[in-house]
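Colleague: The structure's right below; bear with me while I get my questions together.
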Ligand SMILES: *Cc1c(COP(=O)(O)O)cnc(C)c1O
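Numbering (the numbering used here), first residue to last: 97 to 469.
Structure, rendered in structure tokens:
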């Protein structure tokens, strides 16, 4: 069986370091906000080049903390891509604000900046919701078109949050993912490019005032004193044990992403003529959380791969605007044609850093076999 992620091989590689780190935590006993959490936050900030990295309990919370720090509330609109994991839209809805979806670019599968502008103009014209911000998602690890999205954000005076849950380790025009939004949010869910052994996340910003708010909201709205609450908050801390797991993993992230890139290059050159391959750009270094291609014969390929013991997944089968939970927003089938077309043909195959040459060859051969090529 070839799985989509291989945490076991990575664990064997890092076993000693992870055990040492965890043992230290078990001995000092500071399970909440212990020294490993602070060490990790400093290393994450240094890695991404932002001033503040604030760890938290999940990627979903990281997005919510960013929105809460901007004071997002009912009556406001926050714009995001129609093709993402539901957590992105869920975080917006949890603030009381209106999630407004945007169709994707047919090549990158990320939010289409022209469509973003069109949706913002539509909301302004309708006059029911006040446009407040944008969450750009780096789907599959590929940074969205930040230059174009930032221009739209500035034109309409909106904040820009980067959902870097799938892209930690990616680079956009010399800048690391985690530094591409006014505030960025990532996830340490085990299957993400940088994952821990449970739930975890982090928020990034170079804005001192926002960082202070985010830290406070993460700790029950704490003020200067531990038992003074200055705003409504939540309990969203990263466990010290999870920080202990992440520290050795952060050290090898770059080399892991390099391997994912090599595999993606092999896939692209072998599959270019038989499926619609994902784009590779010279100025954008993808984290390859997933390698996803499109084919009208997606289901045939998928069934064949299952028979051969090769894992694959459809990310995502339902666009945000057609999710039952968002039915009340009034969207209909046909509203976002590019996303709707994409979810019918997309498939993600294993691209984790521990695939052998033989496994890569096997996966390619079986995809071509399924297509009779
Ligand atoms: C995984 C993911 C999240 C949520 O992260 P969790 O840590 O699982 O809460 C948010 N956005 C995207 C795009 C994701 O892939």
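Idealized CB from N, CA, C, for every residue including glycine.
So the alpha helix (DSSP H) residue 400 belongs to, where does it begin and stop?
Modeller: Here residue 400 refers to the residue found at position 304 of the chain shown. Residue 400 -> alpha helix (DSSP H) spans 394-403.
Colleague: Name all residues in chain order for which at least one heavy atom of ligand 1 lies closer than 6 Å to the residue's CB.
Modeller: 154, 155, 156, 180, 181, 183, 184, 233, 259, 261, 262, 283, 285, 295 and 297
Colleague: Figure out for me which residue from 197, 314, 233 and 201 has the closest Cα to the Cα of residue 218.
Modeller: Taking the first residue of the chain shown as 1, we reach residue 218 at position 122. If we check each option's Cα against that of residue 218, 197 comes out closest.
Colleague: Give the range of the beta strand (DSSP E) segment to which residue 148 is assigned.
Modeller: Within the chain shown, residue 148 is the residue found at index 52, counting from 1. Run containing residue 148: 148-152, per the beta strand (DSSP E) assignment.
Colleague: Do you know how far the Cα of residue 269 is from the Cα of residue 411?
Modeller: Numbered from 1 along the chain shown, position 315 holds the residue referred to as residue 411. Numbered from 1 along the chain shown, position 173 holds the residue referred to as residue 269. Rounded to whole angstroms, residue 411 to residue 269 spans 26 Å at the Cα level.
Colleague: Could you tell me if residue 448 is buried or exposed, where buried requires 16 or more neighbouring beta carbons within 10 angstroms of its beta carbon?
Modeller: Residue 448 sits at position 352 when you count from the first residue of the chain shown. Burial call: buried.
Colleague: Could you check whether residue 178 and residue 49 sit closer than 8 Å to each other, using their CB atoms as the reference points?
Modeller: This structure gives no information on residue 49, because the portion of the chain shown stretches from 97 to 469.
Colleague: Please give me, in chain order, every unbroken run of the alpha helix (DSSP H) with length at least 4 that falls completely inside the stretch 276-310.
Modeller: none
Colleague: With a threshold of 8 Å, are at least 3 pairs of Cβ atoms found where one atom belongs to the stretch 354-371 and the other to the stretch 437-451?
Modeller: yes
Colleague: Can you check DSSP and say which residues form a bridge with residue 372?
Modeller: Here the question's residue 372 lines up with position 276 in the chain shown. 390, per the DSSP bridge assignment.
Colleague: Less than 8 Å between the beta carbons of residue 164 and residue 306, yes or no?
Modeller: Taking the first residue of the chain shown as 1, we reach residue 164 at position 68. Taking the first residue of the chain shown as 1, we reach residue 306 at position 210. Cβ distance not < 8 Å, so residue 164 and residue 306 don't count as in contact.
Colleague: Check this for me: beta carbons of residue 277 and residue 285, under 8 Å apart or not?
Modeller: Against the chain shown, residue 277 aligns to sequence position 181. Against the chain shown, residue 285 aligns to sequence position 189. No, Cβ-Cβ distance for residue 277 and residue 285 is not below 8 Å.
Colleague: How would you write the range of the beta strand (DSSP E) that residue 172 sits in, first residue to last?
Modeller: As a working mapping, residue 172 is identified with position 76 in the chain shown. It spans 172-177 - the beta strand (DSSP E) in which residue 172 sits, taken as one unbroken run.
Colleague: Taking just the CA atoms, how far does residue 283 sit from residue 352?
Modeller: Sequence index remark: in the chain shown, residue 352 carries index 256 (1-based). Sequence index remark: in the chain shown, residue 283 carries index 187 (1-based). In this model, residue 352 and residue 283 are separated by some 17 Å (Cα to Cα).
Colleague: Checking 8 Å against the spacing of the C-beta atoms, do residue 114 and residue 344 come in under that value?
Modeller: Here residue 114 refers to the residue found at position 18 of the chain shown. Here residue 344 refers to the residue found at position 248 of the chain shown. Their beta carbons are under 8 Å apart, which means residue 114 touches residue 344 by this criterion.
Colleague: For residue 154, does the count of other Cβ atoms within 10 angstroms reach 16, so buried, or fall short, so exposed?
Modeller: One-based indexing of the chain shown puts residue 154 at position 58. Its Cβ being crowded by 16 or more others within 10 Å, residue 154 is buried.
Colleague: Please check the pair residue 255 and residue 229, which I expect to be a contact at CB under 8 Å, by giving their CB distance rounded to whole angstroms.
Modeller: Within the chain shown, numbered from 1, the residue matching residue 255 stands at position 159. Within the chain shown, numbered from 1, the residue matching residue 229 stands at position 133. Confirmed, Cβ separation roughly 4 Å.
Colleague: Have a look at residue 227 and residue 430 and give me their C-alpha separation to the nearest angstrom.
Modeller: Your numbering for residue 227 matches position 131 in the chain shown. Your numbering for residue 430 matches position 334 in the chain shown. Rounded to whole angstroms, residue 227 to residue 430 spans 24 Å at the Cα level.
Colleague: Identify the residues that DSSP records as bridge partners of residue 232: which are they?
Modeller: Within the chain shown, the letter at position 136 stands for residue 232. According to the DSSP secondary-structure assignment, residue 232 is paired through a beta bridge with 258.
Colleague: Spatial neighbours of residue 456 within its chain, please: CB distance less than 8 Å, with the 5 preceding and 5 following residues excluded, ordered by chain position.
Modeller: Numbered from 1 along the chain shown, position 360 holds the residue referred to as residue 456. Cβ neighbours of residue 456 beyond the five flanking positions: 359, 362 and 363.
Colleague: Can you have a look at residue 382 and say buried or exposed, based on whether 16 or more other CB atoms are within 10 angstroms of its CB?
Modeller: On the chain shown, position 286 is the one that residue 382 refers to. Counting Cβ neighbours within 10 Å, residue 382 comes out buried, since at least 16 surround it.
Colleague: Can you tell me whether residue 203 is buried or exposed? The criterion is at least 16 other CB atoms within 10 Å of its CB, across all chains shown.
Modeller: As a working mapping, residue 203 is identified with position 107 in the chain shown. By the neighbour-count rule (16 or more Cβ atoms within 10 Å), residue 203 is not buried but exposed.
Colleague: Report yes if the C-beta distance between residue 200 and residue 438 is below 8 Å; otherwise report no.
Modeller: Locating residue 200 in the chain shown gives position 104, where the first residue counts as 1. Locating residue 438 in the chain shown gives position 342, where the first residue counts as 1. Cβ distance < 8 Å, so residue 200 and residue 438 count as in contact.
Colleague: What did DSSP end up calling residue 97 once you bin it into helix, strand or coil?
Modeller: For the purposes of this step, residue 97 is taken as residue 1 along the chain shown, with counting starting at 1. Note: residue 97 maps to coil in three-state DSSP.
Colleague: What residues match up with residue 244 in a beta bridge as DSSP calls it?
Modeller: Taking the first residue of the chain shown as position 1, residue 244 is located at position 148. Answer is none; residue 244 lacks a bridge partner.
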